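A.B. asks: Chains as they are written, first to last, in the numbering used here: chain A, 1 to 81; chain B, 1001 to 1485.
Where a beta carbon is used, it is the ideal one built from N, C-alpha and C, also for glycine.
From a predicted model like this one, the values you see are computed outputs, not experimental measurements.
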């Protein structure tokens, strides 16, 4: 699974770096390094919806505070069938 | 020809400069659509068939400068992008009979062709493009070398065969194969290939008064003339709005020390290793020779090393790597969670910012040396090897090591193939995807002999501190040097 976080300046100012760090911590905590690839992307052109995060191409918008909830619902939800 | 290249370069530079100016002024939203009209006021076309096409090319270049794909319909995420409005769809049929053809009696070309593509005209042989499968047997068979092997310049430049085209001959880059070396960018004579830019993001963050640090790659010395030293650059770049400026050569010193330890270890265990500082080389291994991935050093790149060093001191630091490299842009995206640089700019983009802010180097002075001469030479083919051997010497280890220095992607491919089948005679591989090293990178502003001479003039002023002395002087021993901290 690929999680991509937009690192454009608009998303950066809304906390994309914090989201990356949190996601990385959660991936490690759940020992999912082998199955989740975490990458950045150029501006996704959806700045009003930032911070933009995609899971295998599906766009989500989240704030740093929502990261943990997003991880357990959307990411883990997809991993456990 | 020189003039034509300069013209192409000017268009790219002018677009970046206009965009940079607008972002600094906070007016990009309003002027974005006007830039094509400002640059091409008409009624005369400047460089193409008509003003409408020129304006479309510039509109697409503005999108690239904003980090977007030039074509709205394009979905791929690649750094390297085709500006489809600028692509000429070069109608080159690969094998062409030249006037050297004697229309000889033996007709070896016709015999060699398995597809019946060759017939005889009044004067010489003719290859039917519809039947030709581009196998090249006719060219090899001709005793007069009368059959020329012509290739589209982008395809010829690509070391990994990532260039394809559609039915209109408009080029597409296969993202799965592309190693982002950027060779195609400089080799398209129509300037139809470019790369996404972070220039807007970086200036936005400067405008937002964030602590944005510039880390300048060692290849920079010589790029802006013999009088523009690291000290001058530091002050000039600070006037662009950066908080401070660091030399990536210090990261190079750290990498040399880490790789020296790795090499010494590997040698005792009889293992072979490759360097890991060139991101296009690493992409080449990952995408085309994954079997040898275990041989790639796990030491981070000099860019990541200097970023980690900086973030140790200021954890809010936004680090911008400024270098001659296009593949580095991909490295920051691929390693977004690994505490590397946050953004990458090329020297071309830096130059556009200098012009946007009307920076005159003659107004600045200053001295700075943060890298050893070995770290500074990391950006030249053979430089990484020399630095690693220097550290091995400083550590009192054996320096009698055989290293295959691969100068350019084609040499890298050969060495990787030998490594894969277990036939590589050398112990180590230094991989650099650009011929000559980073100093010849696609994002540089000067690649000529004058730049090389200016570079030597500047490097001659560096003192001869050793690598380990330099690391200690900067208290950089504690930087975590392996991937995934």
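Starting from residue 1200 of chain B, find everything on chain A with Cβ-Cβ shorter than 9 Å and list it in chain order.
C.D. replies: Residues of chain A with a Cβ closer than 9 Å to the Cβ of residue 1200 of chain B are, in chain order, 8, 9, 43.
A.B. asks: Below 9 Å between beta carbons: does that hold for residue 1155 of chain B and residue 1149 of chain B?
C.D. replies: no
A.B. asks: Starting from residue 1158 of chain B, follow the beta strand (DSSP E) in both directions and report where the run begins and ends.
C.D. replies: Segment: none, residue 1158 of chain B is in no beta strand (DSSP E) and carries neither H nor E.
A.B. asks: Please compile the residues from chain A whose C-beta is within a distance smaller than 7 Å of the C-beta of residue 1196 of chain B.
C.D. replies: Near residue 1196 of chain B (Cβ distances below 7 Å), the residues of chain A are 42.
A.B. asks: Rounded to the nearest angstrom, how far is the Cβ of residue 1190 of chain B from that of residue 1433 of chain B, given a contact under 8 Å?
C.D. replies: The Cβ separation is near 23 Å, so there is no contact.
A.B. asks: Spell out a yes or no on whether the stretch 52-65 of chain A and the stretch 73-80 of chain A are touching, meaning 3 or more CB-CB pairs, one atom from each, closer than 8 Å.
C.D. replies: The stretch 52-65 of chain A and the stretch 73-80 of chain A touch, with no fewer than 3 CB-CB distances between them shorter than 8 Å.
A.B. asks: Against chain B, which members of the stretch 22-54 of chain A pass a CB distance test of less than 7 Å?
C.D. replies: 24, 38, 39, 40, 41, 42, 43, 45
A.B. asks: Assign residue 1405 of chain B to one of three DSSP states: helix, strand, or coil.
C.D. replies: strand
A.B. asks: Could you tell me the distance, in whole angstroms, from the CA atom of residue 68 of chain A to the CA atom of residue 1254 of chain B?
C.D. replies: 35 Å
A.B. asks: Return the chain-ordered list of same chain residues with a C-beta closer than 6 Å to the C-beta of residue 1353 of chain B, the five sequence neighbours on each side being excluded.
C.D. replies: The answer, listed in chain order, is 1020, 1240.
A.B. asks: For chain A, find out if any of its Cβ atoms is closer than 9 Å to the Cβ of residue 1067 of chain B; answer yes or no.
C.D. replies: yes
A.B. asks: Put residue 3 of chain A into one of helix, strand or coil per three-state DSSP.
C.D. replies: strand
A.B. asks: Assuming residue 1228 of chain B and residue 1238 of chain B are in contact, meaning their beta carbons sit under 8 Å apart, how far apart are those beta carbons, in whole angstroms?
C.D. replies: Wrong, their Cβ atoms sit about 14 Å apart, outside the cutoff.
A.B. asks: Could you confirm whether any beta carbon from chain A is found closer than 9 Å to the beta carbon of residue 1454 of chain B?
C.D. replies: no
A.B. asks: I need the DSSP call for residue 1125 of chain B, collapsed to helix, strand or coil.
C.D. replies: strand
A.B. asks: Suppose the cutoff is 8 Å on Cβ atoms and the five residues either side in sequence are ignored; what does the same chain contact list for residue 70 of chain A look like?
C.D. replies: 53, 60, 62
A.B. asks: Using DSSP with H/G/I as helix, E/B as strand and the rest coil, what is residue 1430 of chain B?
C.D. replies: Residue state for residue 1430 of chain B is assigned as strand, using DSSP reduced to three classes.
A.B. asks: Please classify residue 1027 of chain B as buried or exposed, where buried requires at least 16 other C-beta atoms within 10 Å of its C-beta.
C.D. replies: Classification for residue 1027 of chain B: exposed.
A.B. asks: Here's a check: name, in chain order, each residue in its chain whose Cβ is nearer than 7 Å to the Cβ of residue 1473 of chain B, leaving out the five neighbours to either side.
C.D. replies: Taken in chain order, the list of residues that qualify is empty.
A.B. asks: What whole-angstrom Cβ distance do residue 1378 of chain B and residue 1249 of chain B have, given they're in contact under 8 Å?
C.D. replies: Confirmed, about 7 Å.
A.B. asks: Quick one: list the residues of chain E neighbouring residue 1204 of chain B, beta-carbon separation under 7 Å, in chain order.
C.D. replies: Among the chains of the structure shown, chain E does not appear; the protein chains present are A and B.
A.B. asks: Would you say residue 1333 of chain B reaches chain A, if we count a Cβ-Cβ gap shorter than 9 Å as a contact?
C.D. replies: yes
A.B. asks: Between which two residues does the alpha helix (DSSP H) harbouring residue 1309 of chain B extend?
C.D. replies: 1302-1313
A.B. asks: For the stretch 1206-1219 of chain B, list every residue whose C-beta sits within 7 Å of some C-beta in chain A, in sequence order.
C.D. replies: 1208
A.B. asks: Closer than 7 Å by beta-carbon distance: list the chain A residues that pair up with residue 1337 of chain B, in chain order.
C.D. replies: 20, 24, 38
A.B. asks: Just the chain B side, please: which residues come within less than 7 Å of residue 13 of chain A by C-beta, in chain order?
C.D. replies: Residues of chain B passing the Cβ test: 1208.
A.B. asks: Show which residues of chain B have a CB atom less than 8 Å away from the CB atom of residue 5 of chain A.
C.D. replies: Result: 1336.
A.B. asks: Look at the alpha carbon of residue 1267 of chain B and the alpha carbon of residue 1406 of chain B, and state the distance between them as a whole number of angstroms.
C.D. replies: 20 Å
A.B. asks: Can you check DSSP and say which residues form a bridge with residue 1165 of chain B?
C.D. replies: B:1171
A.B. asks: Could you check which residue in A:3, A:14, A:46 has the C-alpha nearest to that of residue 65 of chain A?
C.D. replies: Of the candidates A:3, A:14, A:46, the one whose C-alpha sits nearest the C-alpha of residue 65 of chain A is A:14.
A.B. asks: Are residue 1345 of chain B and residue 1202 of chain B closer than 9 Å when you measure CB to CB?
C.D. replies: yes
A.B. asks: With a threshold of 9 Å between beta carbons, is residue 1309 of chain B in contact with chain A?
C.D. replies: no
A.B. asks: Does the separation of the CB atoms of residue 1326 of chain B and residue 1173 of chain B fall below 9 Å?
C.D. replies: no
A.B. asks: Helix, strand or coil for residue 982 of chain B, going by three-state DSSP, please let me know.
C.D. replies: Because chain B is modelled from 1001 through 1485, residue 982 of chain B falls outside the range shown and cannot be assessed.
A.B. asks: Does residue 17 of chain A come within less than 9 Å of chain B when only Cβ atoms are used?
C.D. replies: yes
A.B. asks: Nearest chain A C-beta to residue 1483 of chain B closer than 9 Å, yes or no?
C.D. replies: For residue 1483 of chain B, the answer is no, since every Cβ of chain A falls outside 9 Å of its Cβ.
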